[in-house]
Amino acid sequence: MADKGNFYLTTAIAYASAKPHIGNTYEIVLSDAMCRFKRKQGYNVFFQTGTDEHGQKIELAAEKAGVTPKEYVDRVVKEDIKPIWDLMNTSYDKFIRTTDDYHEKQIQKIFKKLYDQGDIYKGAYEGMYCTPCESFWTESQLVDGKCPDCGREVHPAKEEAYFFKMSKYADRLIEHINTHPEFIQPVSRKNEMMNNFLLPGLQDLCVSRTSFDWGIPVDFDDKHVVYVWLDALSNYITGIGYDADGDHGENYGKFWPADIHVIGKDIIRFHTIYWPIFLMALGEPLPKQIFGHPWLLQGGEKMSKSRGNVIYADDCVSLFGVDATRYFLLHEMPFDNDGIITWELVVERYNSDLANILGNLLNRTISMSNKYFGGVVESTGVTEAVDEDLKSVVTGTRASVEKKMDANRVADAITDVFALFRRCNKYIDETEPWVLAKDETRKDRLKEVLYNLTESLVIGATLLKPFLPETGEKILSQLNAAEREYDDLDKFGLYPSGDKVTDAPEILFARLDVNEIMEKVEVIRAAQKAAYEAEQAASGEVSANAADKAEDQEAAIDFELKPEITFDDFEKLQFRMGEIIACEAVPKSKKLLCSQVKVGSKVLQIVSGIRKEYTPEEMVGKKVMVLVNLKPATLAGVESQGMLLCAEDAEGNLSLMTSEKTMPSGAEVC
RNA sequence: GGCGAGAUAGCUCAGCUGGCUAGAGCAUACGGUUCAUACCCGUAGUGUCGAGGGUUCAAGUCCCCCUCUCGCUACCA
């Protein structure tokens with residue numbers, strides 16, 4: 003087999019704060035199929051995955067759990083992440099953790115190097131910090147004096163921070179993207195990056211933090227820790243032996259630049275803008291391709307632990323097995339749109355594709371060989387015209403699969419493999435072996451038919467292996483055949499004539515009953531819900547009516563005090579209870595609702611950005627807390643004469659403030 | 001509001017640079033078959049190819065406009 007050269011693939015590193023659900027698991031399985039296929043083709047593959055383990059969220063979660071951050075991430079990696087990756091039978095070569103010492107050391111050196119060459123500079127801030135976003139902003143970045151990311155208040159923070167001069171490299175990056183159309187995949191994402199970030203002008207990026215400790219310290223200024231993206235993205239080079247002084251490990255020379263970074267579509271921006279610019283600054287070549295895959299969504303409703311409907315890979319595996327789970331993930335995910343997963347859908351795919359088309363095909367083929375010839379498979383050369391089409395489909399599958407894989411269309415590739423199996427089923431129908439069996443003079447023809455089927459299955463199983471490793475192996479084993487070399491997959495007739503298939507064929511995938519599965523699912527859901535409630539109770543945060551939202555607040559929200567105000571200052575603010583008597587959506591906006599609020603005898607028109615949480619119908623009748631003496635402003639062309647007060651969590655979810663006991667409209671809030 | 005993508009059979013979608021009676025999978029109905037995990041194979045379908053204009057000998061495929069959906073982004077007192 004010809005050596006086709008080196009191939010380096012990375013997944014995004016998983017944030018080590020919780021157990022990954024099935025959607026997170028998709029990425030590693032997708033990457034695994036790609037890598038296994040490349041290896042089969044003859045590439046020298048290096049497949050890297052790992053975990054991102056720093057940051058304030060983990061620091062807080064660890065505190066809540068009463069352990070150190072390192073103990074916390076050690077546990078998550080050991081108990082929640084690696085077991086899932088291994089359970090899914092993924093063949094990664096390297097699992098990097100951002101707490102690994104070589105990584106931390108290199109991050110410090112990288113930071114220093116970029117600082118020394120002037121790409122990173124120290125800035126000081128006296129008022130532009132957004133706590134929820136953990137972000138500093140320059141004056142020019144603020145929108146109406148608020149955080150451009152979340153729209154919330156920024157406030158004075160007398161902290162210094164380091165910044166990266168993004169703008170210095172922007173032109174080079176634009177040039178690179180324009181001259182390398184394959185760089186950002188799918189291409190629809192390219193325009194979004196260009197139009198929204200690159201062409202309007204890149205802002206400098208803050209690359210250090212002083213507000214928390216759980217990170218890699220800046221070694222020449224230890225108040226600071228390196229901010230997440232410089233730390234996390236660099237794993238792609240530190241994991242293969244990059245050294246900021248140029249004393250690289252062997253793998254670095256072999257595998258960098260990476261052939262592909264497989265990531266979720268939500269972090270495309272960081273991988274196609276910041277990461278390439280960091281690399282330019284380091285003087286290293288850019289990765290060849292960034293592939294932002296879509297999401298796998300739970301059908302209909304949002305995944306929520308409190309509802310017990312989060313689908314985890316291990317539950318899926320316990321119900322269907324590893325390969326069935328892999329099959330579903332790989333097959334059901336389109337190239338450019340989000341995919342949907344429901345238990346019913348998984349069962350349907352399982353029965354129709356795995357049990358019926360594939361499993362039954364193998365079983366009927368082996369059964370016939372046993373029944374008619376004691377398991378011996380022989381080629382007799384008694385061919386007929388129908389054989390030609392079978393052979394051309396079977397020997398042509400490698401090329402079509404390769405073409406799909408080259409375009410990262412894994413779902414289409416696996417569909418092509420199944421087209422081969424479908425063709426085999428059709429061939430059985432065309433040749434009617436059971437009819438041949440009744441005619442003693444046609445025994446040789448029957449042998450040839452079964453030989454053709456067996457040979458087709460060997461080729462099919464070999465092509466299936468990168469996607470479903472165990473199943474491919476099982477098929478080959480039942481056929482008593484060796485895995486076919488990649489270069490031979492377009493040749494027909496290599497199965498040694500006279501070899502014997504197993505006399506005890508095993509069912510690959512037993513058909514499932516939807517109702518039985520759904521009963522088991524109910525048990526899983528109940529357990530998940532119970533575990534969730536127990537966890538909530540244990541952490542003393544149980545809140546019966548807020549169960550749905552509570553999980554989003556995994557930790558209490560940290561904040562910093564604003565400058566002290568006097569009672570006189572407070573007196574200036576006039577809060578009252580108001581009753582919403584009418585409400586409608588603001589036409590020109592996606593997030594705004596316009597409410598008529600009765601406060602005493604007055605009616606104020608107030609515009610609020612809470613359409614995500616409340617429908618106009620829900621709003622009517624609510625008695626809420628209103629700031630009534632705010633200077634009127636026009637929003638999206640509609641005048642707003644006050645402000646409805648809400649509580650807001652770290653994700654920006656809002657909840658209106660209401661009074662604990664019923665109070666009349668106009669009641670003072672003081 | 002800005003930029004972009006899309007609207008095709010009940011469902012999920014394919015249809016490249018315009019060309020014969022518009023396709024695949026699943027689901028449905030009917031038929032065939034019995035080697036096999038009641039499987040597999042075949043046939044049938046309905047589709048105003050989102051609405052309306054236009055270019056052309058010819059448009060799902062190009063142009064204009066409208067409606068709706070989605071993504072990114074901005075605004076969100």
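Just so you know, the first sequence maps onto residues 3 to 672 in this note's numbering. The beta carbon of each residue, even a glycine, is placed where N, CA and C say it ideally should be.
Around A35, the same chain offers L332, V412, P468 and F469 as residues with beta carbons nearer than 7 Å, after the five sequence neighbours per side are excluded.
Fewer than three pairs of CB atoms, one per stretch, sit closer than 8 Å, so the stretch 267-274 makes no contact with the stretch 239-250. Apart from sequence neighbours up to five positions away, the residues of its chain that approach D389 with a beta-carbon distance below 7 Å are N454, ordered along the chain. Put simply, the backbone Cα of C37 is about 11 Å away from that of V264. The residues M90, T92, R328, L331 and L332, in chain order, have a CB closer than 7 Å to that of V31 in the same chain once the five nearest residues on each side in sequence are set aside. The closest CA to that of I368, considering only A463, S394, P498 and L481, is found on L481. Annotation for M36: no beta strand (DSSP E) segment contains it, though the alpha helix (DSSP H) segment containing it runs I24 to Q43.
Here S169 has L204 as same chain residues with Cβ atoms under 6 Å from its own Cβ, once five neighbours each way along the sequence are excluded. Out of K476, L284, C585 and I60, the CA that lies nearest to the CA of P618 is found in C585. In the displayed model, R486 falls within coil according to three-state DSSP, outside both helix and strand. The shortest C-alpha to C-alpha distance from K493 to any of I262, A401 and R447 is the one to A401. Nearest Cα to K96 within the set I342, T464, T12 and K449: T12. Rounded to the nearest whole angstrom, the C-alpha separation of I583 and K66 is 42 Å. Shown here, D54 sits in a strand according to DSSP, grouped into three states. Taking one beta carbon from each stretch, the stretch 244-256 and the stretch 173-193 have fewer than 3 pairs nearer than 8 Å; the two do not touch. Leaving aside the five residues that flank S499 on each side, the residues in its chain whose CB is nearer than 8 Å to its CB run, in chain order, V379, E380, S381 and Y453. Remark: C-beta atoms of L658 and C648 approach each other more closely than 8 Å. Burial check for L116: the Cβ neighbour count within 10 Å reaches 16 or more, so the residue is buried.
When the alpha-carbon of S19 is set against those of K72, N46, F48 and G25, the nearest one is in K72.
The beta carbon of V451 sits closer than 6 Å to the beta carbons of T433 and P435 from its chain, once the five residues preceding and following it are set aside; these are given in chain order. Here Y164 has I122, K124, V209 and S210 as same chain residues with Cβ atoms under 6 Å from its own Cβ, once five neighbours each way along the sequence are excluded. Counting only residues of its own chain and dropping the five nearest sequence neighbours on each side, Q43 has a CB closer than 8 Å to the CB of K6, E404 and Y488. For V605, same chain residues with a beta-carbon under 8 Å away, outside a window of 5 residues either side, are I583, Q598 and V599 in chain order.
Non-local beta-carbon contacts of F9 in its own chain, meaning distances under 6 Å to residues more than five positions away in sequence, involve K40, Y45, V47 and D261 in chain order. DSSP lists no bridge partner for Q576.
Collapsing the DSSP output to three states places Q108 in a helix.
Its chain contains Q58 and E61 as the residues whose beta carbon lies nearer than 6 Å to that of F214, once the 5 sequence neighbours on both sides are disregarded; these appear in chain order.
In this structure, D446 sits near V384, with a CB-CB distance shorter than 8 Å.
Counting only the Cα atoms, L298 lies some 12 Å from Y314. By the Cβ-count criterion, Q119 is exposed, with fewer than 16 other Cβ atoms from all chains shown falling within 10 Å of its own Cβ. Shortest Cα-Cα distance from P634 to any of E252, M627 and G644 involves G644. With fewer than 16 neighbouring CB atoms inside 10 Å of its own CB, I509 falls in the exposed class. DSSP places L595 in no alpha helix (DSSP H) but in the uninterrupted beta strand (DSSP E) bounded by L595 to V601. With 16 or more other CB atoms across the displayed protein chains lying within 10 angstroms of its CB, R486 is buried. In this structure, the beta-carbon distance from L629 to L575 falls below 8 Å. Its Cα nearest to that of S458, the residue T397 stands out among T397, D102 and K107.
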